[in-house]
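Letter by letter, the sequence shown follows residues 36 to 407 in our numbering. Positions of the beta carbon are idealized from the N, C-alpha and C atoms, including for glycine. Here's the structure, in structure tokens; my notes come after.
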Amino acid sequence: MNQPAQALHETHRAESVADSAMLYMEDICHDFGTLRAVDHVTLDVQRGEVVCLLGPSGCGKSTLLRVAASLEELQHGRVMIGGEDMRSPSGRNVPPERRNVGLMFQDSALFPHLSVVENVMFGLDRLPTRQRRARAMEFLDKLGMSEHASRHPHMLSGGQQQRVALARALAPGPGLMLLDEPFSALDARLRDRIRDDTLHLLKSAGAGTLLVTHDPEEAMFMADRIALMKDGRILQMDRPENLYCHPVDPFVATFFGDVNRMEGVVRNGRIDTPLGQMDAQGLAEGERALVLVRPEAVRVVMVSEPSAAHGDTHVIMSRLLGRSSLVHICVHDQQNREFHLHSTMPGVFLPQENQRVELHVNPAQVFVFPAE
Ligand code: ATP
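Spelled out as structure tokens, the structure:
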């Protein structure tokens, strides 16, 4: 395709994504004084899709979500919800209550003077009273909260309050759900159950969902696609398995957990590392490379004698983490310098300190980048 045709094709594709999306945000920038919190972000959330905004504290996730909800004024770019531009022809933003959006936050305050069922009925004022109550009860039931319907919020645990907040957000049948760290105030076991219930309910409701989290495991659990943010920008937006298996830069590779880091120089298309020679994956001859290897890509095999290939490779310590075991290993590079690496092995695998081992690396989980 020549350049003008390519540009036209891209424009048409962007327009059709924008029209079909439950949420389309285009070229969003947001400043607080001199601080740029969101920097030229474009993203879409399709019907029935859960998209997670993931990133470290302060990277701009909440600000982006708040712009979508109109809780922050749109400064630059375009927001479309259900195919409708949220900036009216007069230039004013469509206010939050007219956006057909369900909102839920880390601490979604319920109305303290209303009962649980009245809280959920609150957003259903377009229905006759009897239908409002029936619909509210239906959603409380889906979240296992119907027996608490007549209680007041102060009589509920934090997890129960979040369930009611979710029922309240979903009951009006919004096309788009915007959730900001909805589970982060809950303890780990409760969080796992509410996450699971929430995921199934969101999927059965068929709304598009944008969910903010700083927790990579939560994003992997919840998301159809993840947008990984850093310094106000999206570094990579893709299916979780693509972020995990094909990260576009070292930040993405390391964000999903512990990674072994090594450096080397490309010679004859290969890089010498303490884990053996790795493919240079397209880096130029002589270039300095950063080699990242996930611990689960390093398989440990116990041996009785040191071998020529693995020399003095041995175990420093091993710990059971639950479903897997973490083995700390001492290896040496070709100059006999010592390195400390990690391997995670499935199940209970706890070799003794000083146990001689060989290491086998899965090349599919070795990531090579230009050294920073
Ligand atoms: P966290 O997970 O810690 O909430 P985040 O990724 O959601 O982080 P934001 O809350 O969007 O990040 O904040 C992005 C940047 O904007 C941060 O540097 C933050 O301090 C700043 N910021 C956010 N809200 C305001 C505000 N109302 N006034 C000034 N600065 C703000």
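DSSP bridge partner residues for residue i (one or two, in chain order)
| i | result |
| --- | --- |
| M272 | A262 |
| D79 | Y59 |
| A324 | G299, P405 |
| H375 | C365 |
| C87 | L246, I261 |
| I229 | Partner(s): none; I229 has no beta bridge. |
| G112 | Looking at the DSSP assignment, G112 forms no beta bridge with any residue, so it has no partner. |
| G311 | T308 |
Rounded distance between the beta-carbons of residue j and residue i, thought under 8 Å
| i | j | result |
| --- | --- | --- |
| V294 | V335 | Their Cβ separation, rounded to whole angstroms, is 17 Å, which puts V294 and V335 out of contact at 8 Å. |
| V247 | E216 | 6 Å |
| M352 | E388 | 6 Å |
| A200 | L175 | Rounded, the Cβ-Cβ distance is 12 Å, inconsistent with contact. |
Three-state secondary structure assigned by DSSP to residue i
| i | result |
| --- | --- |
| L245 | strand |
| E61 | strand |
| C280 | helix |
| L99 | helix |
| E252 | helix |
| M212 | strand |
| D368 | coil |
| Q316 | coil |
| M352 | strand |
| F218 | coil |
| M380 | strand |
| F140 | strand |
Same chain only: Cβ atoms within 7 Å of residue i, ignoring 5 sequence neighbours per side
| i | result |
| --- | --- |
| R82 | M57, G241, G243 |
| L237 | V85, M212, T244 |
| F290 | P251, L263 |
| Y59 | V52, A53, D79, M115 |
| Q141 | D215, E216, P217, S219, A220 |
| L145 | N154, P188, Q196, V199, A200 |
| R108 | Note that residue 108 is Glu in the sequence shown, not Arg. For E108, where only same-chain residues beyond five positions count, the Cβ hits under 7 Å are N128. |
Chain B within 8 Å of residue i, Cβ atoms only
| i | result |
| --- | --- |
| L213 | Reference to chain B is not applicable here, since this structure consists of a single protein chain. |
beta-carbon residue i near ligand 2 non-hydrogen atom, thresh 7 Å
| i | result |
| --- | --- |
| C87 | Only ligand 1 can be found as ligands here, which leaves ligand 2 out of the picture. |
Same chain, Cβ closer than 8 Å to residue i, neighbours up to 5 away in sequence not counted
| i | result |
| --- | --- |
| P405 | L318, E322, R323, A324, L325 |
| P131 | A104, S105, L106, L138 |
Cβ pair count under 8 Å reaching 3, the region 391-403 against the region 322-331
In short, these stretches touch, since the Cβ pair count reaches three.
Does the region 79-91 come close enough to the region 243-257 that 3 or more CB-CB pairs lie under 8 Å?
Contact between the region 243-257 and the region 79-91 is present: 3 or more CB-CB pairs across the two stretches fall below 8 Å.
Tell me, please, whether the region 199-210 touches the region 133-146 by the rule of three or more beta-carbon pairs shorter than 8 Å.
Flag = yes, the region 199-210 and the region 133-146 touch.
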